[in-house]
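Its first residue numbered 6, the sequence shown is counted upward by one per residue in this note's numbering. Note that beta-carbon positions come from the ideal geometry of N, C-alpha and C, so glycine has one too. All remarks here apply to the structure that follows.
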Amino acid sequence: MEKISVSYKELGLVNSRELFAKAVKGGYAIPAYNFNNLEQLQAIIMACAETASPVILQVSKGARSYANETLLKHLARGAVEFAAELGTPVPVVLHLDHGDTFELCKECIESGFSSVMIDGSHLPYEENVALTRKVVEYAHQYDVTVEGELGVLAGIEDEVSAAHHTYTQPEEVEDFVAKTGVDSLAISIGTSHGAFKFKPGEDPKIRLDILAEIEQRIPGFPIVLHGASSVPQELVQTINEHGGKLKDAIGISEDQLRLAAKSAVCKINIDSDGRLAMTAAVRKVFDEKPEEFDPRKYLGPARDSLKKLYVHKILNVLGSNGKA
């Protein structure tokens with residue numbers, strides 16, 4: 006086994022294995038919040054420390070490039086220490102979201118990530134199995150956990166895009182999990198990436214029946230939901246009132262997500278809602294105080310808005326409060 010440059014354990018991070026086991030038994034989901042910058046990270050840690058919730062810090066391929074891999078490593082260590090300074094040490098996972106190659110996953114493992122996702126869902130089934138298995142075999146040497154994906158989510162977010170849903174086939178999950186050795190499985194049951202998930206007049210529903218069948222086939226196995234932003238209409242309204250042009254942005258109802266979190270779903274990814282919260286706060290400052298040019302005066306309110314949103318998600322959607 007080759008020596009890697011830094012182990013996540015040196016940074017004070019944890020992998021997702023024990024967190025997911027507790028979440029499955031406890032009927033809640035761990036928040037998986039994407040971040041690209043300092044203010045987002047501050048908001049995530051403040052929200053999780055306040056609610057005593059474990060957290061998965063998610064970094065996409067694009068975010069890793071934007072933030073810089075060296076800085077990310079130190080930000081992750083800082084997040085752990087910051088939570089302790091706030092008086093509530095919380096378990097922190099640093100996770101690669103939608104890794105698309107073995108090489109990218111390997112680089113992340115070698116730079117301190119404690120969890121990686123390899124997304125081969127766009128590949129033919131056997132190729133997805135082979136790629137996922139290759140990542141698992143490498144990651145498990147370093148006790149890094151791996152998320153795979155079956156089924157394709159519609160929508161656009163960062164590098165990930167698809168025009169249509171391909172629902173996860175429940176009859177494939179047992180074979181996929183057995184052949185790959187993954188630690189968790191992202192499934193497609195009607196959630197989608199981005200803020201424009203549904204058209205006005207539609208009644209967005211996730212396929213809880215597919216989730217139930219998957220849960221029957223692989224009982225107790227950690228399931229992940231991507232594209233689970235609810236697109237709060239008050240945030241969309243605030244953005245549009247202050248110069249934005251978000252037309253017909255509609256998401257998944259929080260009630261449905263809470264039902265999913267109470268069953269086998271133990272990780273719920275939320276990114277677009279956070280972007281909306283920050284953008285609404287920034288636009289409000291720019292509109293009401295056009296003379297303002299100090300980044301702290303608009304990024305500070307954006308951070309506060311994001312923290313408020315994430316506290317709400319933890320308490321009312323995920324149920325992970327008090328589980329740290």
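Item	Value
Best match in Asp292, Glu293, Lys272 for proximity to Val98 [C-alpha to C-alpha]	Lys272
C-alpha distance - Ile215 paired with Glu131, whole-angstrom precision	22 Å
Simplified DSSP state of Gly17, which is helix, strand or coil	coil
Proximity below 7 Å, CB of Ile244 to CB of Ala285	yes
Inter-stretch contact (C-beta, 8 Å, three-pair minimum) for the segment 39-56 and the segment 172-183	no
Rounded Cβ spacing between Ala269 and Ile228 (contact assumed at less than 8 Å)	4 Å
Ala168 burial status per 10 Å Cβ neighbour count (16 or more: buried)	With a pLDDT of 45 at Ala168, under the threshold of 50, the modelled position of this residue cannot be trusted, and the question is left open.
Short Cβ contact (7 Å threshold) for Ser58 with Asn326	yes
Identity of the residues DSSP links to Ser58 by a beta bridge	In DSSP, Ser58 forms no bridge with anything.
Start and end residues, alpha helix (DSSP H) containing His247	Segment: none, His247 is in no alpha helix (DSSP H) and carries neither H nor E.
Of the residues Ser235, Ile219, Pro224, Glu220, the one placed nearest Ile210, counting alpha carbons only	Just to set this straight, residue 210 is Lys in the shown sequence, not Ile. Per the Cα distances, Ser235.
Touch test, the segment 64-72 against the segment 84-94, Cβ-Cβ under 8 Å, three pairs minimum	no
Closest residue to Val141 among Gly156, Gly125, Pro129 (Cα-Cα distance)	Gly125
Pro36 burial status per 10 Å Cβ neighbour count (16 or more: buried)	buried
Any non-hydrogen atom of the ligand SAM within 6 Å of Ile257 CB	Among the ligands in the structure shown, none appear at all, so the ligand SAM cannot be discussed.
C-alpha distance - Asn39 paired with Tyr143, whole-angstrom precision	24 Å
Sufficient close CB pairs (3 or more, under 8 Å) joining the segment 301-308 to the segment 250-267	no
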